[in-house]
Amino acid sequence: MAFEGLSERLQGAMTKIGKKGRITEADLKEMMREVRLALLEADVNFRVVKDFVKKVNERALGSDVLESLSPAQQVVKIVNEELTELMGGEQEPFLFSKKPPTVVMMVGLQGAGKTTTAGKLANYMKKRENKRPLLAAADVYRPAAIDQLQTIGKQLDFPVYQKGVEANPVAIAEEAVEEARMTGRDLVIIDTAGRLHVDELLMTELKNIKAAVQPDEILFTVDAMTGQDAVNVAKAFNEQLGITGVILTKLDGDTRGGSALSIRSVTGKPIKFTGQGEKLDDIEPFYPDRMASRILGMGDMLTLIERAQQDYDEVKAQEMADKIRENTFDFNDFIDQMDQVSNMGPIEDILKMIPGMSNWPGIDQVKVDPKDMAHMKAIVLSMTPEERENPEILSQSRRRRIAKGSARSLQEVNRMIKQFNESRKMMNKMSKGNFDGMEGLLGN
Ligand code: GDP
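Using this note's numbering, the letters of the sequence shown correspond one by one to residues 93 to 536.
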């Protein structure tokens with residue numbers, strides 16, 4: 093799978109820091125060291141890595157992130173946002189011409205996947221944008237390329253404009269656009285020649301085609317597996333030709349992912365699509381935010397973090413933290429907190445959302461039945477206000493009364509009070525920076 097190593101290492105670094113309730117500058121430094129190594133190992137351009145690490149550090153140290161109530165989440169969020177930014181931030185739309193046909197030039201080295209991607213793009217544009225594409229075979233140096241495009245055209249039922257191997261590629265491109273105009277085709281995708289390396293002759297030919305047809309999009313197609321090379325070639329094509337976007341192919345393979353992360357910042361041009369297989373359906377628009385989440389293995393995690401941040405009342409949380417520290421956390425607070433937490437969604441999800449928690453042994457077994465929560469609440473609500481504020485006075489006779497009032501068994505009432513006392517002790521210890529035995533909270 094693409095990005096596997098990178099994902100694993102980045103997640104490892106995030107998880108490690110997530111296990112800490114508090115994060116010091118030294119923790120952050122250690123995490124960033126690992127992030128840096130992970131990116132370099134994934135073949136991300138070293139300047140890009142340096143810049144990235146600097147930005148994350150500045151943000152993490154600059155505001156009150158480390159002092160906040162959820163420093164680990166905040167740091168993960170920053171890494172995710174900066175990764176997204178690195179890949180371009182917003183998804184870049186495809187540029188359609190106001191005056192059809194829209195003209196697209198596919199450029200890139202031989203074997204990058206240009207011809208296949210020309211077909212995929214035509215297919216995508218027909219299905220998603222209701223376009224009527226025409227393919228143009230301007231790679232006259234490789235007879236097989238013309239055959240390949242014709243086969244694709246037949247498969248997808250699109251016309252292919254071709255003039256064999258003797259014709260001039262610039263003329264073919266011009267005539268194809270004219271043909272589209274005459275036959276009511278609103279999208280022309282021109283497959284151009286590739287070479288094994290960037291060479292002057294090829295660039296001159298591509299420049300001539302560009303000048304003749306003035307394409308709306310010049311899409312540089314590149315094999316993601318070629319890593320740093322992909323970035324260097326993209327840079328060369330952009331400098332000489334002025335590309336409008338990049339299509340990264342073979343993301344279904346075992347790519348380390350470096351090119352996906354560096355191309356945007358090195359060329360300043362967005363990745364617009366990715367190829368994820370050999371079939372003509374295997375193309376997807378590129379969304380930087382989704383890709384960042386995929387790399388960090390976050391999935392719904394960020395949504396959960398945002399939800400938690402939206403729903404969490406910071407002032408109340410601070411009051412709660414003070415009470416825990418002063419050991420005055422009582423049953424009223426307990427109920428309050430239970431209500432707050434249950435507003436955020438299932439507890440199991442919230443636990444897993446805490447970076448690091450998801451890797452705790454046994455976390456998958458943690459199940460909190462909403463019914464149990466309701467029972468606990470019933471027990472607390474059967475206490476007198478005095479009892480709620482002073483859990484110490486809960487004698488056996490009081491407990492019997494509470495059991496009756498809440499329609500729970502005496503054992504259940506005893507168990508819940510015992511758990512409450514233990515959690516209170518544990519939280520008080522944790523608030524003083526002692527995390528030993530935290531697993532006990534999860535019942536492990
Ligand atoms: P061109 O020389 O740039 O026109 O490249 P081709 O379109 O001929 O593609 C070269 C090879 O890469 C072919 O075998 C394609 O099937 C394959 N290919 C293209 N795109 C992808 C992709 O996204 N994933 C995979 N796995 N293979 C691809």
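Heads up, the beta-carbon is just placed ideally off N, CA and C, and yes, glycines get one too.
- In this structure, the beta-carbon distance from Thr336 to Gly200 does not fall below 7 Å.
- Rounded to whole angstroms, Gly256 and Val232 show a C-alpha spacing of 7 Å.
- The Cβ atoms of Gln254 and Ile238 sit closer than 7 Å to each other.
- DSSP places Met274 within a helical segment (H, G or I) once states are collapsed to three.
- C-alpha of Ile471 to C-alpha of Asn520: approximately 23 Å in a straight line.
- Its Cα nearest to that of Leu187, the residue Ile281 stands out among Ser357, Ile281 and Leu241.
- In this structure, the straight-line span from the alpha carbon of Gln429 to that of Glu411 is close to 11 Å.
- DSSP lists no bridge partner for Glu418.
- When the five nearest sequence neighbours on each side are left out, the beta carbons in the same chain lying within less than 6 Å of the beta carbon of Met468 are those of Met508, in order along the chain.
- Your pair Val325 and Val269 does not check out as a contact, with CB atoms roughly 27 Å apart and the cut at 8 Å.
- Boundaries of the beta strand (DSSP E) harbouring Ala230: Pro225 to Ala230, taken from the DSSP string.
- Around the Cβ of Ala118, a 10 Å sphere holds fewer than 16 other Cβ atoms; the residue is exposed.
- With fewer than 16 other CB atoms across the displayed protein chains lying within 10 angstroms of its CB, Ser501 is exposed.
- Below 8 Å, too few C-beta pairs join the segment 360-368 and the segment 148-160 to call them touching: fewer than three.
- Residue environment analysis places Pro185 among the exposed positions, since fewer than 16 neighbouring C-beta atoms fall within 10 angstroms of its C-beta.
- At least one heavy atom of the ligand GDP falls within 6 Å of the beta-carbon of Gln202.
- Here Lys364 carries a strand assignment [DSSP, helix/strand/coil].
- The criterion of a C-beta distance shorter than 7 Å is not satisfied by Val127 and Ala94.
- The nearest non-hydrogen atom of the ligand GDP is less than 6 Å from the C-beta of Gly369.
- About 6 Å separates the CB atoms of Met197 and Ile301; that is less than 8 Å, so the two are in contact.
- Placement of the Cβ of Gly286 at a distance of less than 6 Å from at least one heavy atom of the ligand GDP is found.
- Taking the Cβ of Lys206 as the reference point, at least one heavy atom of the ligand GDP falls within a distance shorter than 6 Å.
- Rounded to the nearest whole angstrom, the CA to CA distance from Lys218 to Pro192 is 15 Å.
- With contacts defined as CB atoms closer than 7 Å, Ala134 and Asp315 fail to qualify as a contacting pair.
- Only buried fits Gly286, as 16 or more other CB atoms lie within 10 angstroms of its CB.
- Here Phe426 is buried. Its C-beta has 16 or more other C-beta atoms within 10 Å.
- With fewer than 16 neighbouring CB atoms inside 10 Å of its own CB, Leu293 falls in the exposed class.
- Between Gly319 and Ser351, the CB-CB gap stays under 7 Å.
- Fully contained in the segment 94-178 are the following alpha helix (DSSP H) runs of length 4 or more, in chain order: 96-110, 117-133, 138-154 and 163-178.
- When secondary structure is reduced to three states using DSSP, Thr194 falls in the strand class.
- Within the same chain, Cβ atoms closer than 7 Å to the Cβ of Asp381 are found at Thr176, the five residues on either side in sequence being excluded.
- The Cβ neighbour count for Glu174, taken over all protein chains shown within 10 Å, is at least 16; the residue is labelled buried.
- The secondary-structure analysis by DSSP pairs Tyr253 across a beta bridge with Ala228.
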